[in-house]
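Protein chains in written order, with our numbering: chain D, 1 to 241; chain W, 1 to 241.
C-beta atoms are modelled at their ideal positions from N, C-alpha and C, and glycine is treated no differently.
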DNA sequence: CGTTCACTGTTTACACCGTTAACTGTTCTG
DNA sequence: CAGAACAGTTAACGGTGTAAACAGTGAACG
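Structure below.
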């Protein structure tokens, strides 16, 4: 139960974060005075809600992460729930499109050294969790092969059995922990490709036409047992991209 | 021929960039006043050499890129010139090690939205050029297969024939332009993996033990016709990492 | 019901930032 | 040798994040 004071406080908190987000992409820049002005306040008042400019950035990062993930989920859910492959593609494309459209926000959440990603990951890692869950459902349907624990480095096995990142592996038997390795590698491929595209360390036309992104998807499709589905996936991506 | 004035000017220029680099990683932060203090000057004096703080950052970025590449080349050249595979591995490991050790500098050069990468790429893209050259020499020796122009999207073919990024393809016949696509994808894999490691969007222990990096290298070894060399490469990486 | 006190805002101020303008001395050049 | 080009200074402006002191307002309690 919240007192009325706590309620208004929480709401101001939300307004602060929302205003900060808006200013992040505006040309004026994300300054405390600008944020305060949006709420008809003065800058020092913000210190009643936030410890520092940096901590506010952290809050904004978490907010962006979770609302962006909402977007991805919306795209995912436009595909049939019985078609995890299509859902995965839709989410991946949504991730890429969002990143390329909102570079400043992507930068804040995914490649900002000032943001403590580990702390962020511990509490929420909305997008990461979502992709892991999707990948698991793809495996449930297609049963693609994954490395047995015996073939992996012992260090790797031990850390896969005790994941430090919140992975929703409840009800997954120990024998399947090699799967987590596949998931990590898929995430690495997606994240790496999108980051490369966002920062443009590549011929811009390759980004424009989504050529490496498509190539990466095709590679991953092979890994995830979706080779037979490839023509369908290609058509889907053409539609989504 | 340089007049003595031009000479001292060029030297001050170098000192400014060097001081800026040093301050970039210091806790004090990279401010014009701090840079000036390092040269026993006042901040406004820097405007005789540099248009703005942002332009100075660009210069620092270029400097970092080129000196880091020197480092990579030094590691490359510790391997036999007749062994391009080993040279490539050495350079790739050097790139990764450098990135993880100097995250602030990596961030500035490779994932800083304020730095105009395209401009940077046009003039110098020291590291990119180096990797392209290495990859070409690997192909010369191992003759790994690459996609024929006919199997690629027409947009892709046309942009490969007219690269916007300075690739040293002089003397390479037109039929080999499918190779460039392999190169781009290899670069994407390396850049993506290293960026992921640097920003830690992954279980930190996976980074610590270099597990995804190794996995990425093994994948790329397959693509680059180095499957038979893998045991040797593995041993080499163990030594280098 | 009145008092107290935590809460939420204000104003003022500080140190620092990038940057501009005006001024001064030195050094090269015609 | 005169004058211009250069390389530095000081002073100042508007901006930043942040700290301290103060003021009103609403909730809680005797």
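No residue range can be given for residue 224 (chain D), since it is assigned to no alpha helix (DSSP H) and is classified by DSSP as neither H nor E.
In chain order, 212 place their CB closer than 6 Å to the CB of residue 206 (chain W), counting only its own chain and leaving out the 5 sequence neighbours on each side.
Less than 8 Å divides the Cβ of residue 72 (chain W) from the Cβ of residue 130 (chain W).
By the rule that beta-carbons nearer than 8 Å mark a contact, residue 239 (chain W) does not touch chain D. For the pair residue 99 (chain W) and residue 76 (chain W), the CB atoms are not nearer than the 8 Å cut-off. No Cβ of chain W is located within less than 8 Å of the beta carbon of residue 145 (chain D).
DSSP, reduced to helix, strand and coil, places residue 115 (chain D) outside both helices and strands of the structure shown, so it counts as coil. Identification of residues in the stretch 10–28 of chain W having a C-beta nearer than 9 Å to some C-beta of chain D yields an empty set.
Contact between the stretch 55–64 of chain D and the stretch 17–32 of chain D is established, with three or more Cβ pairs separated by less than 8 Å. Taking the Cβ atoms as the reference, residue 35 (chain W) lies roughly 35 Å from residue 241 (chain W), outside the contact range of under 8 Å. For residue 137 (chain W), the closest Cβ of chain D is not nearer than 8 Å. With respect to the 8 Å criterion, residue 54 (chain W) and residue 114 (chain W) are classified as neighbours on the basis of their beta carbons. The Cβ atoms of residue 47 (chain D) and residue 192 (chain W) do not sit closer than 8 Å to each other. Relative to residue 150 (chain D), the option among D:209, D:160 and D:137 whose CA is nearest is D:160. Per DSSP, the unbroken alpha helix (DSSP H) holding residue 158 (chain W) starts and ends at 154–161. Annotated three-state conformation of residue 68 (chain D) is helix, per DSSP. For residue 234 (chain D), no Cβ of chain W is located within less than 8 Å of the residue's own Cβ. With its beta carbon less than 8 Å from one in chain D, residue 110 (chain W) belongs to the interface. Residue 189 (chain W) places its beta carbon less than 8 Å from that of residue 216 (chain W).
Contact note: residue 113 (chain W) reaches chain D through 103, 104, 107 and 199, using a C-beta cutoff of 8 Å and chain order.
The Cβ-Cβ distance between residue 87 (chain W) and residue 32 (chain W) does not fall below 8 Å. With respect to chain W, the C-beta atom of residue 155 (chain D) has a partner C-beta closer than 8 Å.
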